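In UniProt numbering, the protein residues as written are 1 to 203.
Just so you know, even glycine gets a beta-carbon here, dropped at the ideal spot from N, CA and C.
Computed from a predicted structure; not experimentally measured.
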């Protein structure tokens with residue numbers, strides 16, 4: 001597996017574990033609830049992705065997903081992220097969730113490309129990898145999934161998939177193009193959140 005895939009996967013797990021941790025704290029979950037919410041957010045999308053690919057889930061066959069999850073939760077607790085002010089916590093959640101979203105969108109798209117999926121397959125696998133864990137977490141805590149109420153959330157996964165699919169078509173996927181795609185997508189998501197951009201709605 002390419003090093004940039006491993007890096008993106010670890011980055012996604014770390015970022016989503018933090019966002020899951022913050023959501024669990026917000027909903028006053030106990031220690032077990034925090035662990036489950038963080039694990040579902042960080043690993044859920046990847047498990048669903050690997051099931052679609054008929055591959056053994058990385059979360060169960062590789063050592064780094066579980067270690068990354070546990071270390072992230074431990075660090076989040078040690079640095080008392082749960083005691084930050086509501087405004088700081090909100091932005092911490094948005095930034096970590098955005099990084100996780102983009103990182104997992106990239107891993108999903110790369111695996112789809114590696115499996116010779118067409119453009120549609122690349123988009124779907126990227127989307128499911130990115131939002132699957134968050135949706136599972138939100139359903140567990142009886143909350144409307146973020147992807148259904150934030151217009152520029154799921155759209156980012158689609159944009160990432162289209163960009164990487166296009167780069168693959170022109171045989172231009174490398175470390176630089178992947179990093180550029182990631183930075184562009186993260187910036188787009190944060191700008192969209194700050195400015196309150198929305199997709200057109202049917203009224």
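Practice prompt. Count the other CB atoms, across all protein chains shown, that sit within 10 Å of the CB of residue 204; report buried if there are 16 or more and exposed otherwise.
Written response: Since the displayed the chain opens at 1 and closes at 203, residue 204 lies outside it and no answer follows.
Discussion item. Considering just the uninterrupted stretch of the alpha helix (DSSP H) at residue 10, what are its terminal residues?
Written reply: For residue 10, the enclosing alpha helix (DSSP H) begins and ends at 3–26.
Worksheet item: Would a C-beta distance cut-off of 8 Å place residue 13 and residue 68 closer than the cut-off?
Response: Yes; because the gap between Cβ atoms is below 8 Å, this pair is in contact.
Fill in: Assigned secondary structure, residue 188 (DSSP; H/G/I helix, E/B strand, else coil)
Under the three-state reduction of DSSP, residue 188 is assigned to helix.
Worksheet item: Three-state secondary structure (DSSP) at residue 138?
Response: Three-state DSSP puts residue 138 in a helix.
Discussion item. At the level of alpha carbons, what is the spacing between residue 180 and residue 187?
Written reply: Taking the straight line joining both Cα atoms gives about 11 Å.
Worksheet item: Assuming residue 42 contacts residue 16 under a Cβ cut-off of 8 Å, what Cβ separation, rounded to an integer in Å, is found between them?
Response: That belief holds up - the Cβ atoms of residue 42 and residue 16 are roughly 4 Å apart, short of 8 Å.
Worksheet item: Touch check for the region 71–78 and the region 125–137: three-plus C-beta pairs under 8 Å?
Response: Contact fails: fewer than three Cβ-Cβ distances are below 8 Å.
Practice prompt. Would you tell me roughly how many angstroms separate the C-alpha atoms of residue 175 and residue 160, rounded to the nearest one?
Written response: The straight-line gap from Cα to Cα measures roughly 15 Å.
Discussion item. What would DSSP say about residue 197, mapped onto helix, strand or coil?
Written reply: In this structure, residue 197 counts as coil in the three-state DSSP scheme.
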